[in-house]
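One structure below.
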Amino acid sequence: MKKNDLILAAAIIAAAAVILAIQFFRQDNGEQHVVVTVDGDVFGTYDLAENQTIEIGKTNRLVIENGNARMEWADCPDQICVNHKAVDKNGESIICLPNKVVVSVEGSKTSSLDGIAQ
Amino acid sequence: MKDSEVGRVKNRAAYFGIFTALALIFSYVETLIPIRFGTPGIKLGLANLVTVIVLFRTGWKDALLLSVTRIILAGFMFGSLFSIVYSLAGGILSLAVMALLERTGKFSTAGVSMAGGVSHNIGQLVVAMAAVKTYQVGYYLPVLLAAGLITGALIGAVAGEVLKRIRNIERI
Chain P
-2 MKKNDLILAA
8 AIIAAAAVIL
18 AIQFFRQDNG
28 EQHVVVTVDG
38 DVFGTYDLAE
48 NQTIEIGKTN
58 RLVIENGNAR
68 MEWADCPDQI
78 CVNHKAVDKN
88 GESIICLPNK
98 VVVSVEGSKT
108 SSLDGIAQ
Chain B
866 MKDSEVGRVK
876 NRAAYFGIFT
886 ALALIFSYVE
896 TLIPIRFGTP
906 GIKLGLANLV
916 TVIVLFRTGW
926 KDALLLSVTR
936 IILAGFMFGS
946 LFSIVYSLAG
956 GILSLAVMAL
966 LERTGKFSTA
976 GVSMAGGVSH
986 NIGQLVVAMA
996 AVKTYQVGYY
1006 LPVLLAAGLI
1016 TGALIGAVAG
1026 EVLKRIRNIE
1036 RI
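Taken in sequence, the protein lines are chains P and B.
Just so we're aligned, residue -2 is where the first sequence starts under the numbering used here, counting upward by one.
Just so we're aligned, residue 866 is where the second sequence starts under the numbering used here, counting upward by one.
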């Protein structure tokens, strides 16, 4: 290992830490929604506090239970989204790449900002 | 062509075949390791070991050819068209970054490979963003940066050791 290697490693860790910190401070404890998008278009917005089961087209089934959301079923072969842990924090998301389904948790404050940014 | 030249071309072809086979074996071994980190896209990048060795030993052109050949073949054998696109985006970006850093001569194999691992993950993330048309995928960025750093440094360190030991093999 050369000195430059360590500088590079430190820079990458610093970048990761900064992004992590931004994500951490973006969280708020207000009302949280679960936004489901399919191929970039909003499929629906659901209250995270309310227990419900959502059929996303014919490809995925999302369950919102006890304040967190998880993908219960997907028809894709890799099952990454089904194995993904349940999400409950703002900014967290479950992504099913084959079906282009994105499930993300958004707070009341940040969602409007994201709306502009996107 | 003189006899010696013919010999060199044959040598190169043989070496290239061996390296491609090695990289493919590593890709296969990789599919056998069932690691789940909760975040999609994290893997060891064993096949990259061969890419790093070739990059340091014979240069970026051979490394690029090897990388692309390996990704397409491995994609057809163990993956899908989908995974080829992802791997190509990651592979080409990472090779570009690694080739540039290698040229500066200021980094060891570990440092170069570390940057390669990180940029590989960034490349894949960008393709994922384009595929699902949301920036939410960016949520995984810190985890992927850290993962690329660790796996890249490991692979690079191993590549460095291998390079020390194959010095006596004729230059191709």
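Heads up, the beta-carbon is just placed ideally off N, CA and C, and yes, glycines get one too.
| Check | Outcome |
| --- | --- |
| Three CB pairs or more closer than 8 Å across the segment 56 to 74 of chain P and the segment 954 to 966 of chain B | no |
| Arg1032 (chain B) at chain P interface by Cβ criterion, 8 Å | no |
| Inter-residue spacing [alpha-carbon to alpha-carbon] between Val983 (chain B) and Tyr43 (chain P) | 35 Å |
| Assumed close pair Thr974 (chain B), Gly1025 (chain B) - CB separation to whole angstroms, cut-off 8 Å | 4 Å |
| Beta carbon of Ala939 (chain B) nearer than 8 Å to that of Ser892 (chain B) | yes |
| Ala975 (chain B) at chain P interface by Cβ criterion, 8 Å | yes |
| Members of the segment 1004 to 1015 of chain B that neighbour chain P once the beta carbon cut-off is set at 7 Å | Tyr1004, Leu1006, Pro1007, Leu1010, Ala1011, Leu1014 |
| Short-range partners of chain B found in the segment 36 to 47 of chain P, where Cβ spacing is below 7 Å | Asp36, Gly37 |
| Complete alpha helix (DSSP H) runs within the segment 20 to 100 of chain P (minimum length 4 residues, chain order) | 77 to 80 |
| Cβ of Ala954 (chain B) within 8 Å of any chain P Cβ | no |
| Chain-order list of residues whose beta-carbon lies under 8 Å from that of Val1002 (chain B) (same chain, five-residue window excluded) | Leu990, Ala993, Met994 |
| Between the CA atoms of Val102 (chain P) and Ile51 (chain P) - distance to the nearest angstrom | 15 Å |
| Continuous alpha helix (DSSP H) stretch holding Phe891 (chain B): start and end | 868 to 897 |
| Outcome for Ile113 (chain P) when other beta-carbon atoms lying within 10 angstroms are tallied against a minimum of 16 | A caution first: Ile113 (chain P) carries a pLDDT of 44, below 50, which makes its placement in the model unreliable, though a value can still be read off. Label assigned to Ile113 (chain P): exposed. |
| Test item: CB-CB of Ile61 (chain P) and Val31 (chain P) under 8 Å | yes |
| Separation of Ser945 (chain B) from Val15 (chain P), as counted between CA atoms | 35 Å |
| Cβ of Phe941 (chain B) within 8 Å of any chain P Cβ | no |
| Among B:Phe941, B:Phe884, B:Ile898, B:Leu897, the one whose alpha carbon lies nearest that of Asn913 (chain B) | B:Phe884 |
| Beta-carbon proximity of Ile936 (chain B) to Ile918 (chain B), cut-off 8 Å | no |
| Integer-rounded CB distance, given that Asp85 (chain P) should sit under 8 Å from Leu45 (chain P) | 7 Å |
| Listed by chain order, chain A residues near Gln20 (chain P) by CB distance under 8 Å | Of the protein chains in this structure, namely P and B, none is chain A. |
| Burial state of Asp2 (chain P), where buried means 16 or more other Cβ atoms lie within 10 Å | buried |
| Residues of the segment 968 to 999 of chain B with Cβ closer than 8 Å to any Cβ of chain P, in chain order | Lys971, Phe972, Ser973, Ala975, Gly976, Met979, Ala980, Val983, Ala993, Ala996, Val997, Lys998, Thr999 |
| Buried or exposed by the 16-neighbour rule on C-beta atoms within 10 Å, applied to Ala928 (chain B) | buried |
| Candidates B:Tyr1004, B:Ser869, B:Lys998, B:Ala1022, of which the one nearest Leu911 (chain B) by Cα | B:Ala1022 |
| Pick from P:Glu28, P:Val39, P:Gly37 that is closest to Glu47 (chain P), judged by C-alpha positions | P:Glu28 |
| For Glu103 (chain P), the residue or residues it bridges with in DSSP | P:His30 |
| Within 8 Å, strictly: CB atoms of Gly981 (chain B) and Ser952 (chain B) | no |
| Leu1006 (chain B), DSSP secondary structure in three states | helix |
| Contact list for Val33 (chain P) against chain B, beta-carbon separation under 7 Å | None at all; the shortest Cβ gap to chain B is about 11 Å. |
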